[in-house]
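Trainee: Protein chains in written order, with the working numbering: chain A, 175 to 656; chain B, 3 to 76.
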Amino acid sequence: MSAPKAGGGSDGVPLLLSERRWTGLDLLASSASTSVATWCFIIGGTVSYYLGAVAGSFAMMAGVLIGMLFIILALVPASTKYGLDSTSASKAFLGTRGWGFSAVLLFVSLAGWNALLLIVLGRAADAILVAAGVVPKDSGAWVATLAMLLGALVVWSIARKGPDAVRDSQKWIAAGVLLLSGVVMALLVQKVGVSGLLDAKPSAPSPDKAFNVMTGVELLIASAVGWWPYVGGMVRLVPSARRALWPSILGLGVPVAMVSLIGLYAGLVVPASGGDPTVFLTEVGGLLFGVIGLSFIILANIGSTVVGVYAMTVSLRNVPAVARRTSWNTTTILSLLPVVFVMVFLADEFFENFPSFLAMCALIFGPICGVQIVDYFILRRQQLDLTDLYGAGSDNKYNFWAGFNPAGFVAIAAGVAAYLALLNPLTYESHAFYSYTSATVPSVLVAGAVYWLASQAVIARGKGGYSRAARTRARSSASSMG
Amino acid sequence: MSASAAGRPLGSPPVVPRSRRREAVELPADVAERFRAATSPENEGESFARNDYLVLLAACLVVPALFIALAWLA
Numbered sequence: 175m176s177a178p179k180a181g182g183g184s185d186g187v188p189l190l191l192s193e194r195r196w197t198g199l200d201l202l203a204s205s206a207s208t209s210v211a212t213w214c215f216i217i218g219g220t221v222s223y224y225l226g227a228v229a230g231s232f233a234m235m236a237g238v239l240i241g242m243l244f245i246i247l248a249l250v251p252a253s254t255k256y257g258l259d260s261t262s263a264s265k266a267f268l269g270t271r272g273w274g275f276s277a278v279l280l281f282v283s284l285a286g287w288n289a290l291l292l293i294v295l296g297r298a299a300d301a302i303l304v305a306a307g308v309v310p311k312d313s314g315a316w317v318a319t320l321a322m323l324l325g326a327l328v329v330w331s332i333a334r335k336g337p338d339a340v341r342d343s344q345k346w347i348a349a350g351v352l353l354l355s356g357v358v359m360a361l362l363v364q365k366v367g368v369s370g371l372l373d374a375k376p377s378a379p380s381p382d383k384a385f386n387v388m389t390g391v392e393l394l395i396a397s398a399v400g401w402w403p404y405v406g407g408m409v410r411l412v413p414s415a416r417r418a419l420w421p422s423i424l425g426l427g428v429p430v431a432m433v434s435l436i437g438l439y440a441g442l443v444v445p446a447s448g449g450d451p452t453v454f455l456t457e458v459g460g461l462l463f464g465v466i467g468l469s470f471i472i473l474a475n476i477g478s479t480v481v482g483v484y485a486m487t488v489s490l491r492n493v494p495a496v497a498r499r500t501s502w503n504t505t506t507i508l509s510l511l512p513v514v515f516v517m518v519f520l521a522d523e524f525f526e527n528f529p530s531f532l533a534m535c536a537l538i539f540g541p542i543c544g545v546q547i548v549d550y551f552i553l554r555r556q557q558l559d560l561t562d563l564y565g566a567g568s569d570n571k572y573n574f575w576a577g578f579n580p581a582g583f584v585a586i587a588a589g590v591a592a593y594l595a596l597l598n599p600l601t602y603e604s605h606a607f608y609s610y611t612s613a614t615v616p617s618v619l620v621a622g623a624v625y626w627l628a629s630q631a632v633i634a635r636g637k638g639g640y641s642r643a644a645r646t647r648a649r650s651s652a653s654s655m656g
Numbered sequence: 003m004s005a006s007a008a009g010r011p012l013g014s015p016p017v018v019p020r021s022r023r024r025e026a027v028e029l030p031a032d033v034a035e036r037f038r039a040a041t042s043p044e045n046e047g048e049s050f051a052r053n054d055y056l057v058l059l060a061a062c063l064v065v066p067a068l069f070i071a072l073a074w075l076a
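This is how it looks when you write it as structure tokens:
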């Protein structure tokens, strides 16, 4: 056994079972409040390019459920059994140094989601000022940019105070977004009627119906798989996989699908909006409702971004060098820097290419799910060595070669290649098979298969602690320590 | 003044190899105790039962397949 190292996991030491006291209801509330934000409208609005209300609704629900299957299999059993967050769990298949790769991905993906929220915030502020006649409609981007920077400043002033300031805000935001969704749905039906909604045509469909359906599915698989960085951190607080199953599906999958559906319907009724609430709220509800709704979006996006920046700060501080050399306050600033860069210099480009960001999430987190499922269920038979996951030293079984598991990286690369062969995430040009298989599902399967094959060479060299003897040792060393 | 076989003056502190010095660093007692408790088998949570996997596959594979078929027909 090697000595535990401070800073290896979220706090350097695994959680005790007595500290993992969340009930299924706690997980349900936390999952729903984390997943429901104004980005759901944009996801649904993207589907409105390809599908009408009925086909889009079915495709989106299918996609989110398939994505949840991968996420749940990859994370829930290991995280609930051992109390592991997503990045700590990745040491088993990436290595004691290689796990930094997943930490970087977590940081980058959170930066993307947070940038989106602040961009929508800036647009909402711009729309309010234009509606109130304070600034002319063609005032340029400076109003939105200024609002984004002010928003970032407010986010920093809250996030720098630490977890207590973050804890409960998200529940109210989620409830507010759900309420706003309900009101928008009622206004949409009032505006065009149920039949008008059902008859509304998608704004930019492909002539290939199969492509349209599969793209609706794929976008929601991507948004669900994109939850990989968050899910481990939440479900690890539940001491039972069984108790975490339904709350994960109902808390993460269903609310995202429901609010995204409103984005789909709004995108169909107001095609120019593409699901962007800063465009459709005034159009659908009139000036007064628009201003109220947009004001709420500003507050909600500040709250959601605070949570995101908090998570980014925690992930940064998992790096021992960062935790040693910087204060919490400085780390929150470091976390906001990439977000501010995107919103100041690339706001329009990022917003217009949001489907590509979603595809990028699936491109990388899909293969990680495939590798993690094969590693945990097939190769390790659901046995991890917590002592080594949180430890350092040359005898650590998750050291592989210099702290990196080449099989994990090769498999992820193979999964990415499979995805790219089927779908170009930037242009959405696709291979014929994509219309029937999606891109994420094959990439998960390819990554898993390649990982199993490559791991045979790792096992043959006695690395990784995969042998039956090593698994037995893991159990007995834990027993003797107790 | 005599010297040891290693050429070290008698009475000076023993030279510990760098790697052993690192191992000798001990954790604070409360952290070590917490670590022992956290890594014991009793600290493991409950896993899925076989039925849970069936439910998961039904909810997240069979139902989506049905939804995709309905999306096609719509």
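The C-beta atom is built at its ideal place from N, Cα and C for all residues, glycine as well.
For L597 of chain A, which residues from the same chain have a beta carbon less than 6 Å from its beta carbon, with the 5 sequence-adjacent residues on both sides left out?
Mentor: Within the same chain, L597 of chain A has close Cβ partners S604, Y608, A613.
Trainee: For R416 of chain A, decide whether its Cβ has a neighbour in chain B, counting only Cβ atoms nearer than 7 Å.
Mentor: R416 of chain A counts as touching chain B.
Trainee: I'd like to know if R23 of chain B contacts chain A, where contact means its C-beta is closer than 7 Å to some C-beta of that chain.
Mentor: Because the pLDDT at R23 of chain B is just 44, under 50, the model does not fix this residue reliably, and the point stays unresolved.
Trainee: At the 7 Å Cβ level, is E46 of chain B part of the contact set with chain A, yes or no?
Mentor: Yes, because at least one Cβ of chain A sits closer than 7 Å to the Cβ of E46 of chain B.
Trainee: To which residues does DSSP link E48 of chain B through a beta bridge?
Mentor: DSSP output for E48 of chain B lists A:S414 as bridge partner(s).
Trainee: Report the rounded CA-to-CA distance for S116 of chain A versus T506 of chain A, giving the unit in angstroms.
Mentor: Residue coverage of chain A in this structure runs from 175 to 656, which leaves residue 116 of chain A outside it and unanswerable.
Trainee: Could you name the residues that DSSP lists as bridge partners for F578 of chain A?
Mentor: F578 of chain A is bridged to A:W575.
Trainee: With DSSP run on the structure shown, which of helix, strand or coil describes S641 of chain A?
Mentor: Coil.
Trainee: To the nearest angstrom, how far is it from the Cα of R416 of chain A to the Cα of N573 of chain A?
Mentor: Distance between the alpha carbons of R416 of chain A and N573 of chain A is about 31 Å.
Trainee: Could you tell me whether the Cβ of D32 of chain B comes closer than 7 Å to any Cβ of chain A?
Mentor: No, because no Cβ of chain A sits closer than 7 Å to the Cβ of D32 of chain B.
Trainee: What are the start and end residues of the alpha helix (DSSP H) that includes S262 of chain A?
Mentor: S262 of chain A -> alpha helix (DSSP H) spans 260–263.
Trainee: Identify which residue in A:A289, A:S204, A:T254, A:L473 has its Cα closest to the Cα of F515 of chain A.
Mentor: Among A:A289, A:S204, A:T254, A:L473, the Cα nearest to that of F515 of chain A belongs to A:A289.
Trainee: Please report how far the alpha carbon of L68 of chain B lies from the alpha carbon of I240 of chain A, in whole angstroms.
Mentor: Computed Cα separation, rounded: 12 Å.
Trainee: Taking DSSP as the reference, what is the three-state secondary structure of L597 of chain A?
Mentor: L597 of chain A falls in the strand class under three-state DSSP.
Trainee: Per DSSP, what are the beta-bridge partners of S369 of chain A in this structure?
Mentor: Answer is none; S369 of chain A lacks a bridge partner.
Trainee: Nearest CA to the CA of W402 of chain A: which residue from A:K383, A:L394, A:I542, A:T500?
Mentor: W402 of chain A has its Cα closest to that of A:I542, out of A:K383, A:L394, A:I542, A:T500.
Trainee: Whose CA, out of A:L190, A:A384, A:V518, A:A229, lies closest to the CA of G296 of chain A?
Mentor: Of the candidates A:L190, A:A384, A:V518, A:A229, the one whose C-alpha sits nearest the C-alpha of G296 of chain A is A:V518.
Trainee: Are the C-beta of A39 of chain B and some C-beta of chain A separated by less than 7 Å?
Mentor: Yes, because at least one Cβ of chain A sits closer than 7 Å to the Cβ of A39 of chain B.
Trainee: Between which two residues does the alpha helix (DSSP H) holding F69 of chain B run?
Mentor: Start and end: 65–75.
Trainee: Going by Cα to Cα distance, which pick from A:Y404, A:D300, A:M242 is closest to D279 of chain A?
Mentor: Sequence inspection shows Leu at residue 279 of chain A; the Asp mentioned does not correspond to that position. Per the Cα distances, A:Y404.
Trainee: Short check: CB of V624 of chain A to CB of F244 of chain A, under 7 Å?
Mentor: Contact: no.
Trainee: In this structure, how does DSSP classify S222 of chain A when only helix, strand and coil are distinguished?
Mentor: In this structure, S222 of chain A counts as coil in the three-state DSSP scheme.
Trainee: What residue from A:L284, A:N527, A:A398 has the CA that sits closest to L511 of chain A's CA?
Mentor: Nearest C-alpha to L511 of chain A: A:L284.
Trainee: Give the secondary structure of E25 of chain B by DSSP, where H, G and I count as helix, E and B as strand, and everything else as coil.
Mentor: The predicted position of E25 of chain B is uncertain, since its pLDDT is 47 and thus under 50; no value can be drawn from it.
Trainee: How big is the Cα-Cα spacing for A628 of chain A and T456 of chain A?
Mentor: Rounded to the nearest angstrom, the two C-alpha atoms are 55 Å apart.
Trainee: Find the residues of chain B that neighbour K255 of chain A, judging by a C-beta separation of less than 7 Å, and give them in chain order.
Mentor: Chain B residues near K255 of chain A: E46, G47, S49.
Trainee: If you draw a straight line from the alpha carbon of L72 of chain B to that of A236 of chain A, how long is it in whole angstroms?
Mentor: Distance between the alpha carbons of L72 of chain B and A236 of chain A is about 10 Å.
Trainee: Taking the alpha helix (DSSP H) that T254 of chain A falls in, what are its first and last residues?
Mentor: Element bounds for T254 of chain A: 227–256.
Trainee: Listed in chain order, which residues of the segment 60–73 of chain B have Cβ atoms closer than 7 Å to some Cβ of chain A?
Mentor: Answer set for the segment 60–73 of chain B: A61, C62, L63, V65, P66, F69, I70, L72, A73.
Trainee: Are the C-beta atoms of V309 of chain A and some chain B residue less than 7 Å apart?
Mentor: Not one chain B Cβ lies under 7 Å of V309 of chain A.
Trainee: What are the boundary residues of the alpha helix (DSSP H) that N386 of chain A is part of?
Mentor: N386 of chain A -> alpha helix (DSSP H) spans 383–399.
Trainee: Could you work out which residues of chain B lie near T561 of chain A, taking near to mean beta carbons separated by less than 7 Å?
Mentor: Neighbours of T561 of chain A on chain B, chain order: T41.
Trainee: Mind pulling the chain B residues with CB within less than 8 Å of P413 of chain A?
Mentor: The contacting residues are G47, E48.
Trainee: Listing by chain order, which chain A residues have their CB less than 9 Å from the CB of L56 of chain B?
Mentor: Result: empty, since nearest Cβ-Cβ is about 11 Å, beyond 9 Å.
Trainee: Please report the straight-line C-alpha distance between L320 of chain A and L292 of chain A, rounded to a whole angstrom.
Mentor: The alpha-carbon atoms of L320 of chain A and L292 of chain A are separated by roughly 11 Å.
Trainee: Please check if any C-beta of chain B sits within less than 7 Å of the C-beta of S641 of chain A.
Mentor: Cβ-Cβ to chain B under 7 Å: no for S641 of chain A.
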